[in-house]
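Each residue of the sequence shown is one higher than the one before, starting from 1 at the first, in UniProt numbering.
We put the CB at the ideal spot given by N, CA and C, even for glycine.
Notes follow once the structure below has been shown.
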Amino acid sequence: MNELLHSKIQQRFQQLFELESDYANVSDIVPDIPSYIQDNLHHNLRPYQEGAIRQLIYTQRSDAADMSYNHLLFHMATGSGKTLVLAATILYLYGEHQQQNFIFFVNSDAIIKKTYDNLTNQVSPKYLFARDGIEIDGERVTIQIVDTFPANPAVKTIYLKLTTIQKLHMDLTNPRENGLTYEALEETSIVLLADEAHHINALTRNDKKTLNKKELQEKTWEHTVQRLLNLHPNNRLFEYTATIDWTNDALFHKYSDKVVYQYDLKRFMQDGYSKNVVLLRANEEDSVKMIDAILLSQYRKYIANDHGIDLKPIILFKSNKIATSKEANAAFFKMVAGLTVNQLEQIIQHGMAVHASPGSIWHKMFQYYAGKELPQVVRDLQWEFTEETTINANSQDFLEEQNALLLNTLEDTNNPIRTIFAVAKLNEGWDVLNLFDIVRISEGATGTKATTDSEAQLIGRGARYYPFEYEGEKTYTRRFDEKPSDLKVLEALHYHTINDNAYIKNLEKSLEAARIEVKKDEYYRLQAKVKGKVKRAEWFQNGKIYINKVVPTTEDDYQDLRDYNISTDYEVDYERMIEQRIGEKETMTSKQTHEQALPIDRRLIQKAIQRNKFYRFSHLKQYVPAISSMKEFIESKDFLGDLSIWVSLPVNVTTEDLSPCQKLKIVERFLDYAVQHIRSNYMKVKGTPYFEGYSFSELIDDYVVELSKVTKATDITKTRNMKGQDWYIYDQAIGNHLEHDFIDLIQDYVETLQEKYEDVYLIRNERKVKITEIDGTRGFMPDFLLYMKDEDYTYQVFLEPKGEHLLLKDQWKEEFLKSLNTREDLEILSENEQVRLIGLRFYTNDAARKVAFKKDFQDKLT
1 MNELLHSKIQ
11 QRFQQLFELE
21 SDYANVSDIV
31 PDIPSYIQDN
41 LHHNLRPYQE
51 GAIRQLIYTQ
61 RSDAADMSYN
71 HLLFHMATGS
81 GKTLVLAATI
91 LYLYGEHQQQ
101 NFIFFVNSDA
111 IIKKTYDNLT
121 NQVSPKYLFA
131 RDGIEIDGER
141 VTIQIVDTFP
151 ANPAVKTIYL
161 KLTTIQKLHM
171 DLTNPRENGL
181 TYEALEETSI
191 VLLADEAHHI
201 NALTRNDKKT
211 LNKKELQEKT
221 WEHTVQRLLN
231 LHPNNRLFEY
241 TATIDWTNDA
251 LFHKYSDKVV
261 YQYDLKRFMQ
271 DGYSKNVVLL
281 RANEEDSVKM
291 IDAILLSQYR
301 KYIANDHGID
311 LKPIILFKSN
321 KIATSKEANA
331 AFFKMVAGLT
341 VNQLEQIIQH
351 GMAVHASPGS
361 IWHKMFQYYA
371 GKELPQVVRD
381 LQWEFTEETT
391 INANSQDFLE
401 EQNALLLNTL
411 EDTNNPIRTI
421 FAVAKLNEGW
431 DVLNLFDIVR
441 ISEGATGTKA
451 TTDSEAQLIG
461 RGARYYPFEY
471 EGEKTYTRRF
481 DEKPSDLKVL
491 EALHYHTIND
501 NAYIKNLEKS
511 LEAARIEVKK
521 DEYYRLQAKV
531 KGKVKRAEWF
541 QNGKIYINKV
551 VPTTEDDYQD
561 LRDYNISTDY
571 EVDYERMIEQ
581 RIGEKETMTS
591 KQTHEQALPI
601 DRRLIQKAIQ
611 RNKFYRFSHL
621 KQYVPAISSM
631 KEFIESKDFL
641 GDLSIWVSLP
651 VNVTTEDLSP
661 CQKLKIVERF
671 LDYAVQHIRS
681 NYMKVKGTPY
691 FEGYSFSELI
701 DDYVVELSKV
711 TKATDITKTR
721 NMKGQDWYIY
731 DQAIGNHLEH
741 DFIDLIQDYV
751 ETLQEKYEDV
761 YLIRNERKVK
771 ITEIDGTRGF
781 MPDFLLYMKD
791 EDYTYQVFLE
801 PKGEHLLLKD
811 QWKEEFLKSL
821 NTREDLEILS
831 ENEQVRLIGL
841 RFYTNDAARK
851 VAFKKDFQDK
861 LT
């Protein structure tokens, strides 16, 4: 039975691990990755990328490597980081096999420009090697871009030629003076790195069938590459592709013994490294699809901002004809510019009527907008979706350098693009993480296989995961598959298309062939019900939960930056700053750091402000009404006049060593930080010290936790039957490990509490009871409430289990809870004065903090 080389290697590795007698030899066969590889990469290798490198090393250590393993293929999903594996391959072949000459080729100029940045431009945000330089065995190694390879190569140098397959073929078949020739390459070993390698296989794909003109040209490319490989016994050809048709017998025969590593899109998605892909099917006019798309995109941005996440989601409007795309582009601008509050209100009302299912993304979106200030929503839409924030990829000059740069930096804060109109120029070689919506415009119902195959490829690119920081943690895999959270929308790619059965059937076949899993709205529902005995109890029917009143903020509440929760003592970590470094390429490798204030003058602030559209005075004034001019905003001590930026630098570096561009970037980081806080804090409500009562039945009810059927369960799925525990008001306890530990601790104290109090009930707060910091805008929902009553008082205790990684970020919540015990201005608006509010410190897994919690619990409650 034919097997891929990848499978054979993995079976060999597994056999060695399973045979105890071979344990001593495992490290000889299953190689470790040399430390210099990870040390010299800017990003950590993911587990599957480590697997790819480990299997490459296994083949190259073989005595038969020059014959059996000189031509290998990495078949890895779009978005899985093939180029990082390629960079690691360069380091390995140089470090272990003294290979110095590398030719990278692909069929697209755009990919060449992108790869040039990835492999050589140290100041590019997507540079793959270590930013402070490559160092192997204590010596600096440089990468030099060349057209031809030197006859006498310099030591500690990697030579890299970047070219298209077309140009490589022409240079070799039509030699020119001082150009690359077969003869010159016969005496030196080279490594060929072929990206998007499926393009060079026309001959193999057709297998003696008649070739058309384009395929005849590609046929010569295949022969050119094979001839280069055969010039020298030490030559290597490593191909990288996400696209290969294993149903083609000729391709399988060619590559079955060459696929050194396979990690397809289905596995990539199952492992959580991608967005979930959701099809949104509807037969609507283009104008309706476009307005729905920008509302969904802006909803994503609002949700992100509500959770302190900086996100600029991108929409791609895809057409099948250039003329159609251009017409849609013009109509789009006219539609957004003419949008009124009344129109938006009608759209929302219609949407809520049509999309009644609570699980529908449309229902959630329209429900969210129903609670927003619509005049502000219209202003935001008309600010965000303009000609300045749109690229039309159909014009002749589309691939000019400026547009190519905008497309390759769509995630950057300073990149203004929100929408792209295109036909077919972006399906390949396009790296974008913050694409969340693909909208088919003016499409017919006759989707051919070629069309839907192309769409599947584009969906695969758009499915790349956007890593965002939340609760102090930045991850590169999905987090909310099994949690009920609005943030699920940040982990989904929505493909807006028609609702035609024949078309959808073809698209589903193409998606299946591309190994793309389309997420279905199928969930396990875990339900916790309030016990009947509790619902009938007098304390539940007549008792109350006390929450502090909130009042609207006014313009008077925003007199300085502190009112937006913005600190004008801003700290920039050296590592974060250096990622955006623009200046010289000298290295700063000291791990010891010191803090130093960045000298800030008015010109530097003005320059940074000019580069950020948010700070145009007419727009800024909407959020900062206290200012009368930009001069006041920059110079007043209430705003930027007292700004101090502290930079953490290596001990041998001072702020004087930073270039003007680096200083500008640091100030821009502060301004970006300020934008997030200004947007999220302006014109909210603020908390008061006055607590008023709400009936239990109004805030406490049955609740449901939904868990996806298509992903693996996590700790949140833990449930326990609580029917025999009268002190817990629900029949089921649903929660994570920390929350179950907390419930166990309360159970240990229940008997002691019941000796002192007539009633003792633990209540899980499922996003209903919210308290807001007094004289501040930040609010939160404590996970648990403990209701207790004795002869004299009713007690309401706020309790919060907290993961250790959130302690610093949420310290203000703990201080707020503790302040409830001591504030003299606290007033409980009840029919009597026999209510006491108690807040305890956080409960965590940390041993010392757990002891402190128990002492706090005992001192205040037992």
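Proximity below 8 Å, CB of residue i to CB of residue j
| i | j | result |
| --- | --- | --- |
| A328 | H496 | no |
| Y793 | I763 | no |
| E455 | L507 | yes |
| T115 | F238 | no |
| T224 | H307 | no |
| V667 | L604 | yes |
| P599 | T688 | no |
| I459 | I516 | yes |
| V278 | H494 | yes |
| L56 | Y94 | no |
| K813 | E804 | no |
| I291 | I347 | yes |
| L185 | D147 | no |
| L381 | L410 | no |
Same chain only: Cβ atoms within 6 Å of residue i, ignoring 5 sequence neighbours per side
| i | result |
| --- | --- |
| V685 | V550 and P552 |
| L671 | A608 and N612 |
| Q580 | Since pLDDT at Q580 reaches only 29, below the 50 mark, its modelled position is unreliable, and the value read off the structure follows with that caveat. Contacts found: K665. |
| L699 | I545, K768 and V769 |
| E135 | none |
| T862 | T752 |
| I315 | A293, S297, T419 and D437 |
| V423 | S319, I322, S325 and N394 |
| I743 | A733 |
| R679 | N305 |
| T477 | G272 and Y273 |
| V710 | Low confidence applies here, because V710 scores a pLDDT of 41, under 50, leaving its location unreliable and the question unanswered by this model. |
| N234 | S189 |
| T452 | N506, L507 and S510 |
Member of the options whose CA lies at the smallest distance from the CA of residue i
| i | options | result |
| --- | --- | --- |
| A674 | I566, I516, L435 and Q527 | I566 |
| L128 | N178, N40, R464 and K113 | N40 |
| H363 | M352, K372, E373 and A130 | M352 |
| G138 | S35, A64, Q367 and A282 | S35 |
| N542 | G81, A514, Y273 and S697 | S697 |
| Y558 | P625, D601, Q527 and Q858 | P625 |
| G341 | L643, G371, F317 and V377 | According to the sequence displayed, residue 341 carries Val and not Gly. Nearest C-alpha to V341: V377. |
| Q834 | F857, K818, Q796 and A77 | Q796 |
| Y730 | P650, A528 and L374 | A528 |
| I309 | I348, H677, D846 and R669 | H677 |
| R131 | R379, S287, E186 and Q38 | Q38 |
| D846 | F268, K718, L807 and E815 | L807 |
| D195 | P484, F480 and M76 | M76 |
| D783 | K802, R12 and A65 | K802 |
| residue 863 | L5, D748 and F853 | Examination of residue 863 is not possible in this model, given that the chain is present from 1 through 862 alone. |
Distance between beta carbons of residue j and residue i, contact taken as under 8 Å
| i | j | result |
| --- | --- | --- |
| F105 | T164 | 6 Å |
| F780 | I774 | With a Cβ gap of about 13 Å, F780 and I774 do not count as contacting. |
| N392 | K312 | Going by Cβ atoms, the distance from N392 to K312 rounds to 19 Å, so no, they are not a contact pair. |
| R300 | L490 | 6 Å |
| K809 | E571 | Actually they do not touch by this definition, with Cβ atoms about 15 Å apart. |
Cβ neighbours of residue i in the same chain (closer than 7 Å, five flanking residues each side left out)
| i | result |
| --- | --- |
| Y23 | Residue placement at Y23 is poorly supported in this model, since its pLDDT is 43, which falls under 50; the coordinates still yield a value, given next. Closer than 7 Å at Cβ, skipping near neighbours: no residue. |
| F385 | I294, V336, R418 and T419 |
Close Cβ partners of residue i (< 8 Å) along its chain, the five nearest in sequence each way excluded
| i | result |
| --- | --- |
| S629 | F617 |
| G81 | H43, R46 and Q49 |
| T587 | Its pLDDT being 35, under 50, T587 is placed unreliably in this model, and the value from its coordinates should be taken loosely. Hits under 8 Å: D132 and G133. |
request  = Go through the stretch 127-180 residue by residue and report every complete run of the beta strand (DSSP E) that reaches 3 residues or more, in order.
outcome  = With a minimum length of 3 residues, the continuous beta strand (DSSP E) runs that stay inside the stretch 127-180 are 134-136, 139-145 and 157-164.
message = For a minimum of 3 consecutive residues, which ranges assigned as the beta strand (DSSP E) are wholly contained in the stretch 450-497?
response = Whole beta strand (DSSP E) segments, 3+ residues: 492-497.
message = For a minimum of 4 consecutive residues, which ranges assigned as the alpha helix (DSSP H) are wholly contained in the stretch 785-846?
response = Counting whole runs of 4 or more residues, the stretch 785-846 contains the alpha helix (DSSP H) stretches 811-819.
request  = Kindly provide the ranges of any alpha helix (DSSP H) runs that are 4 or more residues long and lie completely inside the stretch 363-402, ordered along the chain.
outcome  = Taking 4 residues as the minimum length, the alpha helix (DSSP H) runs contained wholly in the stretch 363-402 are 374-384, in order along the chain.
inquiry  = Threshold first: 4 residues or longer. Then list the alpha helix (DSSP H) segments lying entirely within the stretch 610-644, N to C.
reply    = Here the runs fully enclosed are 617-623 and 630-635.
inquiry  = Runs of 3 residues minimum, wholly inside the stretch 62-108: which ones carry the beta strand (DSSP E) assignment?
reply    = Segments of the beta strand (DSSP E) lying fully in the stretch 62-108: 71-76 and 101-106.
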